[in-house]
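Visitor:
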Amino acid sequence: MPATRVCTALVLVLLAIGDSVQAEPKSKPGDTCRSSGTLKFDPESYPSQRQTNSMEVCSKYRKSTCCNATHAHALRLKIREPVVAKFSPKCQALTEEMACASCHPLMGTGKMKNVCPRLCGSWFNACKDEYYAYGGAGTLSPCYGNALVCSPLKEIAGSGADFCIQMGFHVGSDDDAEGIDCFDGSVPEQVSEPEPTGSWQVRLQRLLEEEAENPSGLFITGVLLLLTVMLMGRRIVRQFGDPFGGDQLSLMEVRRLQQERYERGEQMYDDETDSSSDEASTPRQAVDPMDGEAEDSAPVAT
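Counting from 1, position 49 in the sequence shown corresponds to residue 40 in my numbering; the numbering is continuous, with no gaps.
1. Buried or exposed: where does alanine 92 fall if 16 or more other Cβ atoms within 10 Å of its Cβ makes it buried?
2. What three-state label does DSSP hand glycine 213 in the structure shown?
3. My output table needs one value for threonine 56: the three-state DSSP class, helix, strand or coil.
4. Excluding the 5 residues flanking glutamate 251 on each side, which residues of the same chain have their C-beta closer than 7 Å to its C-beta?
5. Assuming cysteine 141 and phenylalanine 78 form a contact by the criterion Cβ under 8 Å, report the distance between their Cβ atoms to the nearest whole angstrom.
6. Taking all protein chains shown into account, do 16 or more other C-beta atoms lie within 10 angstroms of the C-beta of histidine 95, making it buried, or fewer, making it exposed?
7. Quick check: the Cα distance between proline 73 and glycine 224, rounded to an integer number of angstroms?
8. Determine contact between the stretch 151 to 163 and the stretch 102 to 110, defined as no fewer than three beta-carbon pairs at a distance below 8 Å.
9. The ligand ADP heavy atoms versus the CB of proline 143: any closer than 7 Å?
10. Per the contact definition of three or more C-beta pairs closer than 8 Å, is the stretch 24 to 43 in contact with the stretch 59 to 68?
11. Answer yes or no: do glycine 99 and serine 45 have a C-beta to C-beta separation smaller than 8 Å?
12. Go ahead and pull the three-state DSSP assignment for cysteine 141.
13. Tell me, to the nearest whole angstrom, how far the beta carbon of arginine 67 is from that of valine 48; I am working on the premise that it is less than 8 Å.
14. Could you please give the first and the last residue of the uninterrupted beta strand (DSSP E) stretch that includes leucine 131?
15. By Cβ distance below 8 Å, which residues in the same chain neighbour tyrosine 122 in space, the five residues on each side in sequence not counted?
16. What are the start and end residues of each continuous beta strand (DSSP E) run of 3 or more residues lying completely inside the stretch 83 to 127, in chain order?
17. Does the Cβ of alanine 65 have 16 or more other Cβ atoms within 10 Å, making it buried, or fewer, making it exposed?
18. Beta-carbon within less than 8 Å of aspartate 287's beta-carbon, same chain only, minus the 5 sequence neighbours each way: which residues are those?
19. Please report the distance separating the alpha-carbon of alanine 148 from that of cysteine 82.
20. Please name the residue or residues paired with serine 27 in a DSSP beta bridge.
21. For serine 164, count neighbouring Cβ atoms within 10 angstroms of its own Cβ and tell me buried if that reaches 16, exposed if not.
22. Which residues share a DSSP beta bridge with phenylalanine 174?
23. Determine which residues share a DSSP beta bridge with histidine 161 and list them.
24. What is the rounded straight-line gap between the Cα of glutamate 146 and the Cα of glutamate 169?
25. Cα separation between leucine 215 and isoleucine 227?
26. Checking 8 Å against the spacing of the C-beta atoms, do aspartate 166 and leucine 110 come in under that value?
27. So which of Gly126, Ile70, Thr56 has the shortest CA-CA distance to aspartate 33?
28. Between arginine 71 and aspartate 153, what straight-line distance do the alpha-carbon atoms span, to the nearest angstrom?
29. Do valine 178 and lysine 51 come within 8 Å of each other at the CB atom, strictly closer than that value?
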């Protein structure tokens, strides 16, 4: 059926969308990824070096990260919030920095759990005049018109540490070494092994598992397109027949059955054969030529 073949093609398209969802290389014990913040990582995976096209968001951590293309949608949402709220460029930049913290290899594996106090202070100073509101999880979120109560950040949080805590982060101490003991936004020098290419079955399974929990707009569009093509394909087959040879196959099958019946000695007639046979079996009456002359010589009554 054409719909089945089209479905197969669309599955391959979905695989291309989730091309980066592949098996992770093994590393040292204890380096496995752990879910961080709003991002959920596979507990059996390890930080990997991502391909350029599979790490468009928070790409500065591409050489070693637990993030992959399936996390791009959640990251974009967090990064776009201050943009939609029209916060200052500096506040937007630092908010993006904090949103990408989970993609840091040490933060993604749980080896580094705290944010450096100085980074929290810089973030607070850049956003203190912007308006925030409490979200459903009890954390702060940028206010862009959909909240009932919005207040300037400086009236909600008293310091940078307080701001980070209310945003869901753990704050380190002033004695922590920045970039080693606490997250300061810098990129580590470590480079992980490149992610290997897994089988398409593994990639499809991983993609569907990730998208089932937090489906992206592109994935939803692909599913709707798949369903639309399936319905249209069935309608086309009903109206015009199978353009891929389904009708031709049925005709060949009928001819094969007819041939088998013929070989068994069964005689078959169609309508034309039956009518011609009847005409052939009906005896024709002889016509006397004298009858024609008699008819010609007969007087015509007036």
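Beta carbons: idealized from backbone N, C-alpha and C, even for Gly.
Being a predicted model, the structure only gives us computed values, none of them experimental.
Guide: Short version:
1. Looking at its Cβ environment, which holds 16 or more other Cβ atoms inside 10 Å, alanine 92 is buried.
2. Residue state, collapsed to three classes: helix.
3. strand
4. none
5. With a Cβ gap of about 13 Å, cysteine 141 and phenylalanine 78 do not count as contacting.
6. Burial call: buried.
7. Their Cα atoms are separated by approximately 44 Å.
8. yes
9. Looking for the ligand ADP in the displayed structure turns up nothing, as the structure carries no ligands at all.
10. Contact between the stretch 59 to 68 and the stretch 24 to 43 is present: 3 or more CB-CB pairs across the two stretches fall below 8 Å.
11. no
12. coil
13. 6 Å
14. 131 to 133
15. Ala76, Pro133, Cys134, Cys141, Ser142, Pro143, Leu144
16. 122 to 125
17. Flag for alanine 65 reads buried.
18. At aspartate 287, the pLDDT of 47 sits below 50, so the modelled position is not reliable and the matter cannot be decided from this model.
19. 15 Å
20. Leu30
21. exposed
22. Val106
23. Asn105
24. 28 Å
25. 18 Å
26. Not in contact: aspartate 166 and leucine 110 (Cβ atoms no closer than 8 Å).
27. By alpha-carbon distance to aspartate 33, the top candidate from Gly126, Ile70, Thr56 is Thr56.
28. 23 Å
29. Yes.
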